[in-house]
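I have placed the structure first, in the form of structure tokens, so that the comments after it can refer back to it.
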Amino acid sequence: MPTEGETVARLISGEVELCFTWEGDRYQHTFRCAGAELQSVDGKPFDPPVYTDLHVQDGVIFGSGMSGGRHWSVSVEPAEAGFLFDVACRVKLASPKAGAWYRGVGWRIACPDEPATAQVESSANGEFWVVAPVIEPEETPHTIRYRYCVTAAL
């Protein structure tokens, strides 16, 4: 098991660095570019992805984890000046809506799919972001999948 604060996976795409660091009982991730940071954070009312296992293969980060009645998986790969996240979640029990929170300014988060698989919203000051699947069925069990890109806006 990693130690608190240990960075276990790191990728570079252009000038953007992405690090996965062990915090508490899971991996959090941070993007850095030209002094700007964007950090994954836990927040309500969404049930954030939980990754407890990571490995890197051929420049792609693969993660998985479980929290409550949800089993998460993710692949993260370099994209033009940023990273593409492909997230899937098997939902076995009814729970809050799935979604990831981020904190930081100077970034862009967007869904590359048409029709969109993720909805992306930012706070009025652009400091907080939420990324969530466009559709999450109420009946269980079900599987959700959504994709989004994170790039520096500098």
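Under numbering that gives the first Met the number 0, the first residue of the sequence shown is numbered 0, with each subsequent residue one higher.
For glycine and all other residues, C-beta sits at the position ideal for the given N, C-alpha and C.
Asked                                                                                                                                                                             : Found
Use the C-beta contact count for S122: other C-beta atoms within 10 angstroms, 16 or more gives buried, fewer gives exposed.                                                      : exposed
Per the DSSP calculation, D85 is bridged to which residue(s)?                                                                                                                     : S74 and R146
Determine the direct distance from the alpha carbon of T116 to that of F19, and round the result to whole angstroms.                                                              : 24 Å
Measuring only the C-alpha atoms, how far is E14 from L83?                                                                                                                        : 15 Å
Using a Cβ-Cβ cutoff of less than 7 Å, which residues in the same chain neighbour N124 once the five nearest sequence positions on both sides are dropped?                        : none
Please determine, among F45, Y101 and I11, the residue with the shortest C-alpha to C-alpha distance to A33.                                                                      : I11
Among R9, D24 and L17, which residue has its Cα nearest to the Cα of T2?                                                                                                          : D24
Quick check on the DSSP output: the beta strand (DSSP E) that includes V40 runs from which residue to which?                                                                      : A35 to V40
Between which residues of its own chain and H28 is the CB-CB distance below 7 Å, once the five residues before and five after are set aside?                                      : L17, C18, F19 and S39
Apart from the five residues on each side of it in sequence, which residues of its chain come closer than 8 Å, Cβ to Cβ, to Y50?                                                  : F19, R25, Y26, G62, S63, G64, W71 and V73
Might you give, ordered along the chain, the residues of its own chain that have their beta carbon closer than 6 Å to the beta carbon of G67, omitting 5 neighbours on each side? : S94
May I have the straight-line CA-CA distance separating G81 from A8, to the nearest angstrom?                                                                                      : 15 Å
Is it right to say L153 is buried, meaning 16 or more other beta carbons lie within 10 angstroms of its own, or is it exposed?                                                    : exposed
Helix, strand or coil: how does DSSP classify C110 here?                                                                                                                          : coil
Less than 8 Å between C-beta atoms, sequence neighbours within five positions excluded: which residues of the same chain meet that for A35?                                       : G103, V104, G105, W106, A151 and L153
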